[in-house]
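Mapping to our numbering: the sequence shown position 30 is 30, numbers consecutive.
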Amino acid sequence: MFSELMPLLAERTVLITVARDSGTTIRATVVPKRTSESENAALSTPLSFVGTPEELDCEFAKELAAYVDTHRQLGSTLAQAKATMEAAAKAAQEEAKRKADEKRKAKPSASAPAPVATTETSSTVSPNPAPETASNLFGEAPAEPPQSQQQQQGGLRL
């Protein structure tokens, strides 16, 4: 019986209680303790056998070995599931971070050309709709360009 418990005892403490159930039967209960508070409760599910002393002598060790094997498989499966979920969560976080970085990079580059385009457009548009060679009201050509056009040639208009 104890050699069947050794794989389980390597990982955790196991409590065994034996009590008389009736005049001819015994109840033997095996309870694996949790290794931590965050451990899944399924790994501390107790196993209880009820039978005559002869039945327990014949069957208890075999049933205990099957229980220990199932317990270890469950622990392994839970560990694999936890590792898979953690990897998936990490991948999702990295993907979200990558998308956020792409959006951040896209916003400044998309807004940068807009002011350049408006600056070029405003510098090519003349605020004075009258051409430089236009004549004045009496048909004479002006002697010099209007003041606003002279200032515009310098790049800034005051």
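Note that the Cβ used here is the ideal one computed from N, Cα and C, for glycine as well.
{"Asked": "Segment limits, alpha helix (DSSP H) that includes Pro7", "Found": "2-9"}
{"Asked": "Environment of Leu64 [buried if 16+ CB atoms lie within 10 Å]", "Found": "buried"}
{"Asked": "Closest residue to Arg34 among Thr84, His71, Ile26, Gln93 (Cα-Cα distance)", "Found": "His71"}
{"Asked": "Span of the beta strand (DSSP E) around Arg27", "Found": "26-32"}
{"Asked": "Distance, Ala106 Cα to Ser123 Cα", "Found": "Because Ser123 carries a pLDDT of 49, less than 50, the predicted location of this residue cannot be relied on, and no value is offered for it."}
{"Asked": "Proximity test, Ile16 beta-carbon vs the ligand NAP heavy atom, cut-off 7 Å", "Found": "Annotation note on the ligand NAP: not contained in the displayed structure, which lists no ligands."}
{"Asked": "Among Thr45, Arg104, Cys58, Asp21, the one whose alpha carbon lies nearest that of Gly75", "Found": "Thr45"}
{"Asked": "Buried or exposed by the 16-neighbour rule on C-beta atoms within 10 Å, applied to Phe49", "Found": "buried"}
{"Asked": "Under 8 Å between C-beta atoms of Tyr67 and Leu47", "Found": "yes"}
{"Asked": "Cα-Cα separation, Ala87 to Lys97", "Found": "15 Å"}
{"Asked": "Per-residue burial, Pro7 [other beta carbons within 10 Å of its own, 16 or more giving buried]", "Found": "exposed"}
{"Asked": "Residues that DSSP places opposite Ser48 in a beta bridge", "Found": "Thr29"}
{"Asked": "As assigned by DSSP and simplified to three states, the class of Arg12", "Found": "coil"}
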